[in-house]
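Each remark here refers to the structure printed beneath this line.
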Amino acid sequence: MTQVNMTVNGKAASGDVEGRTLLSSFLRDQLKLTGTHVGCDTSQCGACVVHVDGVAVKSCTMLAAEADGAEVATIEGQANPDGSLNVIQQAFQDHHGLQCGFCTPGMVMSTAALLKDNPKPTETEVRAYLEGNICRCTGYHNIVKAIMAASGQDAGAIAAE
Amino acid sequence: MYNFEFEKPETVADAVAALGAEDAQALGGGQTLIPTLKQRLASPSTLVSLKNIAEMQGVCKGDDGSICIGGATNHATVAAEAGDYPALAETAAHIGDPAVRNRGTIGGSLANNDPSACYPAAALASGATIVTNSREIAADDYFQGMFTTALEEGEIVTEVRFPVPEKANYQKFVQPASRFALVGVFVAKYSDGVRVAITGASNDGVFRWAEAEAALSANFAPEALDGLSLSGDDMISDLHGTGAYRAHLCGVMTKRAVAAAA
Amino acid sequence: MPKDGGIGASSKRREDVRFLTGVGNYTDDINIHGQAHVFFLRSDMAHGTINSVDTSAASGMPGVVQIFTGADFEAVGSIPCGWQVTDKHGEVMQEPRHPVLAHGKVRHVGEPIAAVVAETLEQARDAAEAIKLDISELPAVVDMKDALKEGATKVHDDLNNNLCYDWGFVEENKAATDKAFEDAAHVTTLELVNNRLVANPMEPRVAVGDYARGTDEHTLYTTSQNPHVIRLLMGAFVLGIPEHKLRVVAPDVGGGFGTKIFHYQEEAFCTFAAKACNRPVKWTSSRSEAFVSDAHGRDHVTKIELALDADNNFTALRTETHANMGAYLSTFAPSVPTWLHGTLMAGNYKTPLIYVNVKAVFTNTVPVDAYRGAGRPEATFQLERVVDKAARELGVDPVALRRQNFITEFPYATPVAVEYDTGDYHATMDKLESMIDRDGFAARRAESEKNGKLRGLGVNCYIEACGIAPSNLVGQLGARAGLYESATVRVNATGGLVVMTGSHSHGQGHETSFAQVVADMIGIDENMVEIVHGDTSKVPMGMGTYGSRSLAVGGSAMVRATEKIINKAKKIASHLLEASEGDIELKDGAFSVAGTDKSVAWGDVTLAAYVPHNYPLEDIEPGLEETAFYDPSNFTYPSGAYACEVEVDPDTGKVTIERFAAADDFGNIVNPMIVTGQVHGGLAQGIGQALLENCSYDENGQLLSASYMDYAMPRADDLPMFDVDHSCQTPCTHNPLGVKGCGEAGAIGSPPSVVNAVVDALQSAGKDVTHIDMPLSPDRVWAAMQ
C-alpha cells in the first residue's frame, strides 16, 4: 500500500492504494464519488472519463498512483457553485441528451474537454471527438445537439427533429 | 489485475535501474498495458512509469531538421506540436480517441508494436530512428513481427527521430469496433526515394511494400500503383476482413495516401 | 402550439438532474457494510463433461470466505423458463434444467462453474485461479442446421435431441398456403440471417444480496427491468423463498434493452450466498463477462417466400426459420421466435394466407432471448426485404408495391391470429415521402457518383405489437406469467401525490412522463407528482418494462387508479361544497359546482381526506389512496415507414448513412421530446445491427466478438442526424390514453431500409447483388461486389 494525495474537485483527497488500484476504483470505492462509471474493461466506452491536470482521461485505464499529486475533476464537481446545472449539464437536460444516464458523466466530462480546446466545434468535429464515448440509448443525435447548444451555437440548425 | 509495485522514476537512469528488477515492466501511458493487466494476461512484479521522466517528454527539432519526440510524449502532444511534420501530427491526432491520446505514448506504442497500431507505420515509412537508453535502432531493424521488436529486456524507448519528408500522408481504414487500423498505409516521399509502410494487414506486423516504393519513387502519383497488388495469403484474416480484403485495401489506401500527399 | 405541461408537453426530465451531477444510485453504487465480493469461475470451453472441481487449494487463499460449486446447488431449483411453447404436433417444448452453477457438464463459454466469495474481488479472482478444473472437452454444437442432423452431439444428454420445438403457425393455413404458391404468378424467395447481437446496455449487470438473520428477510439489489418478476421466479422456482421474505430492488438502471428482463444465475447466487455466508455478497459484471453471460438477441436463419398474383397482389407468405436458443432457455426465449414473431408476419399487408415454421435449436452458445424488438425486428426484416426483392424482380416501384398491398380497413384480423385495432399506413408513407425528397434523389445520386461513390435509397414499413396481452390469452399461448400492470396512487394530506408503478424506468423517463399524465388528469403542477418504481417493498406486484408496454399498460393502470382517486375526491368535494356529487367538476386542480362560483381547492379536499373533521365518514373511508391493475384487451399496433439513404464506397465497401427518416404512428403522445429520443435510440440500434454489430462464434463455440475490441458498437461518427416525425396519430382504441408504445420501433423498422438502400446502391452500379447478410460491414459489401 502506498499513500496517494491528490486534489479532487478542488478538495484535498488522499488514501492508501495498491499498485493495481485504478483511478476509477479510488474515486468510486474510497472517495465514494460514484458518479464516475465503469462500462467496459478495454478502455473504449468512456463512462469513466474524468479530467486529470486539465485533460480528459479514462480513469479506468489509469492507476491511482499515476494521479498522485494531480488535480482531478469529476462529474460531482461540475455544477455551478450554487448547485445549479452548469452550461453543459443544462444543455444536456434541455436537449434530452441522456436517457439511462450511465454514459452521461463521461459525456459531460468529454464535452467540457472538447469545448475548452474547441469552443465552437462543427457537428462533424463533435461526432469525431466522441469516438471514445459510447452511448447505447440516444443514438447521439441529442447529445450532439446538446453539445452544439452548450457551445452557444444554434442546435436547431444542424437538423430537423 | 495481479498486484504489483509501482515506481515513478524521474530519470532514464533510475528507470533502467528499476527495470532491472525481476519481472519489472515499463508503463508508458498504459492504454494497452492496463487493459491487458485487467485480463490478467501479464503479471509484472513492478510497473515502472516513464511519465515523470522530463527528458523523455516533448517534441523538438534536431540539428538535421528531423522531428525528435520524447518516448513518453503522449499522442495529443505530438498532434499539437509536431506541426513541422504534418502527416505525423495528423497520424497522432487519429490514434485511439481523445482521452486515450492524452495518456498513450509514442514509446509505449512502438515498444508494444501492435500489428494494427498507427505509429509503427509512421516510424517505418519515415525511416525513423528509435533511440533507447543504450543505442539507436533504425526502424528497418526495429520492427521484427507482431508484438516483437529489437528491444532487449529492460530497454526503453527514450526518443524517436523522424526525418521530415518532402511529402507524406497516412490513410487509416478503421476496424469498426476497436478503431485500430484494419489497414493503415503511411507513404513518405524523401529526396532519395519513397517509403511505404503498412500496418493492420500482415500476420508479420508492419511491413514495407517494396514494389509500391519502387513505382512511386519513379513516379509519385496514384496511377503509378496501377497493376500492383499484394497477396492476401499471409495477411490477417478475421471477423473484420479476410486476407484478400486486407490486401485489396492496402492498394486502395496506398493510392489514397499518395493522392493526399501529392 | 407546444404545451408547457401535462399530456403533450415536452417536459424536461426530472431524473436528469441526478444523472448529470453524478448522484444517481445505480446498483454498483450500493455498498453494504460488511459486504463480500464474488467472482465466478466461468467455462472457457463451449462443451465439456465436468470430472471434478477441486477447491481445496483455493479455499485456503487469503480473503476467501466460501467457495461454491454446482454440487452446492443440486437441491436448489432450476433457473426457470417463463414461457412454454407447444409445437405443431401438440407436444410441449423440450425444456432442460438450467443450474445456478454448472453441474455435470458445461454447455457454453461463460457458464459459471464455481463461485468464490472473498473479502475483495481481486482476492476472489486470485482464489478462482487456484481452483483445479478437470473437464473433458466435447464437440461443440454451434451451427443450428448441423445441430438438428441425425446423430448430432446433444447439448443436453437427457433430451431427445437439440430441437426445442418445431412450431407451425397457423397450422390450419399450411395446406392453403402451399396451394397458393402453386397458383402464384410470381414467387420471390430470399434466404437470410438475422444476426446475433449483444444488447450491451452501458451499465453492466450487478447483483447485491443481503440477508437479515433476525427477521429472515432477503434483499436483492439488481439491475433489472422487472423486479417483481425476478422476485417471483427466483423466490418461487429457484430458492424457495416466500415473496414476503424477499425484497427485490432495481434502483437506477443504466439501460436494459431486454437483456435485463431475465432472471440470471448471478442474482440467485448472490441471494443464496448472502444467507450462506451471513454477509452481503456483491457481484459486478465486467464488460468481458457481460459478453458471455448476458442473454444475446436475434440469431435467426430464415427462408421466406412471397407469392403474388398477376396484378402484384400478395397472395401468400411462407417462412422457415431456425431460431437459436443457445445452451439453455432464458426466461422468455421460447416466446420470441413464436408469438412475438409469427404473429407479426402479416406486417402492413393484406396477405390472405401465411404459414410460419420455426425450429428452435439448442447450441453450445450463450442463451438467446428478447432484445429490443424481440421477434418483431426479425419478422419485419424478412418481410420488408422480400417485398423489396419482389419489387425489383417485377420492375415495380417498391413504395407502390407496398401501397398496393396495404391494409386499409380497421379493425383488421390478420391470418396470423392478431387483430389490428387501428392504423393508417398510407398516412405514414405519405409523411415519409414528404420528408425524404424522393424527387431530388437522382440528383443526389449523380453528385455521389461524381465523387466516386454509389448512392442508394431504401424504404420500408413496419408494424409492431406492443403491450402484449391479455393475460388469459397469453396464458393459453404458454406464458407462465400475467401481463397486466399495476399502479398505486397515494395522495398525501397536503395534496402531493406518490404514484407507485409496476413499470420500471431504465432510461425511458417515466418519472417525468408518468407524472405528466397524473398531473394533467387532476390539473395540478407536475412537480406535485412523484413516481416510485423498482422496489417490491414499495410497489404493488407489477410486471415491469419491456415490449414498449410501460405507458400503454402501466400508464393505463395509473390512469385507472387516478380515476378512482378523482371519483373519491369528488365525493369529498361534494360534501365540502354541500352539492350533489354529479354536479362536481374538476378543473385546474379545483373542484367546483357546475354553474356556480362555489369551489374547493385540490389541497383542501386532500387535507379533508386525512383530517376528516368535516367528512362523510358514514359513506366513505378517510384517506386517499387507490390501486388499479390493468389488463389490456389487445396488443397495441404502432406502425410506420422508414427511409434510409446511403453512400457506398465501391473501393472499400464502406457504407455511410447519409440520411435517415422515420415517420411513426404511436397513437397519442405524452412527451414528444422523450418519444423522439426513444426513436433515435432505436434507430441507432437498428442501424448498428444492419452495419456494425455481429456476435460471432467459431466452430468450437468460442466467442469471437467478446469485447468492444471486436463487437462494433455504433459511435457518434457512425450515425447521421435523424429526421423523425410522429405527427401521424391513430390513437389506440382500447386503452384510456390512446397510446401505442414507442420504445422498440426504431430498432424494428430500421434494418431493412438500410439493407434495401445498400442493395439499391449496388444495383445502380450494375452489380447483381440481391441480398447481403447483416452486418453490412465493409468487407462483406466489398466481397458482394466482386
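As given, the protein sequences belong to chains B, D and F, one line each in that order. Residue numbers for the first sequence follow this note's numbering, beginning at 4 and rising by one. Residue numbers for the second sequence follow this note's numbering, beginning at -8 and rising by one. Residue numbers for the third sequence follow this note's numbering, beginning at 22 and rising by one. Using N, Cα and C, we set each Cβ at its ideal position, and we do this for glycine too.
Cβ of residue i within 9 Å of any chain B Cβ
i, result
"D/D229", "no"
"D/T37", "yes"
"F/F743", "yes"
"F/P138", "Note that residue 138 of chain F is Val in the sequence shown here, rather than Pro. It does not; no Cβ of chain B falls within 9 Å."
"F/M22", "Legend: pLDDT at F/M22 = 47, less than 50; position of this residue unreliable, value from coordinates given subsequently. Not an interface residue."
"D/A67", "yes"
Other residues of its chain near residue i: CB distance less than 6 Å, five sequence neighbours each side excluded
i, result
"B/E164", "Model confidence at B/E164 stands at a pLDDT of 41, short of 50, so the residue's coordinates are unreliable and nothing is read from them."
"F/Y433", "Y441"
"F/T401", "Y483 and I769"
"F/G496", "none"
"D/Q22", "V91, R94 and G95"
"B/E74", "T10 and D56"
Sub-9 Å separation of residue i and residue j beta-carbons
i, j, result
"F/A412", "F/A421", "yes"
"B/N145", "F/H701", "yes"
"F/R63", "F/E288", "no"
"F/T42", "B/E126", "no"
"D/S255", "D/T190", "Limits of chain D in this structure are -8 at one end and 253 at the other, which puts residue 255 of chain D out of reach."
"F/L142", "F/F89", "no"
"F/A573", "F/A683", "no"
"F/V387", "F/V313", "yes"
"F/R319", "F/N216", "yes"
"D/N172", "D/V165", "It is Ala, not Asn, that sits at residue 172 of chain D in the sequence shown. Taking 9 Å as the Cβ cut-off, D/A172 and D/V165 qualify as a contacting pair."
"D/V185", "D/M244", "no"
Rounded distance between the beta-carbons of residue j and residue i, thought under 8 Å
i, j, result
"D/G95", "D/G87", "6 Å"
"D/A78", "D/Y161", "6 Å"
"D/G232", "D/D224", "About 14 Å separates the two Cβ atoms, so there is no contact after all."
"F/A79", "F/V137", "7 Å"
"F/G722", "F/N385", "4 Å"
"F/T754", "F/T443", "5 Å"
"D/P111", "D/V197", "4 Å"
Cut-off 8 Å between Cβ atoms - residues of its own chain near residue i, not counting five sequence neighbours on either side
i, result
"F/A257", "E264"
"F/G98", "F258, V259, L260 and G261"
"B/L118", "I91, P124, I150, A153 and S154"
"F/V382", "M165, A168, L169, N183, L184, C185, H343, A344, N345 and M346"
7 Å CB neighbourhood of residue i in its chain, flanking five on each side removed
i, result
"F/R339", "T198, F202, E326 and Y376"
"F/V802", "V669, G674, V676, V779 and I793"
"F/L740", "I678, A705 and I708"
"F/M549", "G516, G517, L518 and A540"
"F/S571", "S524, Q529 and H531"
Residue-level contact to chain F via CB, residue i, 9 Å cutoff
i, result
"B/L118", "no"
"D/G232", "yes"
"B/A163", "In this predicted model, B/A163 has a pLDDT of only 44, less than 50, meaning its place in the structure is not dependable; the value taken from the coordinates is given anyway. Chain F, which has a Cβ nearer than 9 Å to the Cβ of B/A163, makes this yes."
Short CB-CB distance (under 9 Å) between residue i and chain D
i, result
"B/S154", "no"
"B/N165", "Absent from the model: residue 165 of chain B. The displayed extent of chain B is 4 to 164, so no value can be given."
"F/R146", "yes"
"F/D739", "yes"
Checklist entry - What beta strand (DSSP E) runs, 3 residues minimum, are completely inside the region 48 to 119 of chain B? => result 52 to 55, 58 to 61 and 74 to 76
Item to check | Contiguous beta strand (DSSP E) assignments of at least 3 residues, all confined to the region 510 to 589 of chain F | outcome: 518 to 522 and 550 to 553
Checklist entry - Which parts of the region 80 to 155 of chain F are runs of the beta strand (DSSP E), unbroken and 3 residues or longer, counting only runs that do not cross its ends? => result 85 to 90 and 133 to 139
Item to check | 3-residue-minimum beta strand (DSSP E) runs that sit fully inside the region 339 to 417 of chain F, ordered along the chain | outcome: 374 to 383
Item to check | Entirely enclosed beta strand (DSSP E) segments - the region 10 to 68 of chain D, minimum 3 residues | outcome: 15 to 18, 37 to 40, 50 to 52 and 58 to 61
Next on the checklist: Extract the residue ranges of the beta strand (DSSP E) inside the region 46 to 86 of chain F, only unbroken runs of 3 or more that lie entirely within it.
Outcome noted: 57 to 63 and 69 to 75
Checklist entry - Curious, which full-length alpha helix (DSSP H) runs of at least 4 residues does the region 286 to 317 of chain F contain? => result 286 to 297 and 308 to 314
Next on the checklist: Restricting to runs no shorter than 4 residues, where is the alpha helix (DSSP H) found entirely within the region 629 to 717 of chain F?
Outcome noted: 693 to 712
Checklist entry - Mind pulling the beta strand (DSSP E) runs of 3 or more residues that sit fully within the region 737 to 771 of chain F? => result 743 to 746
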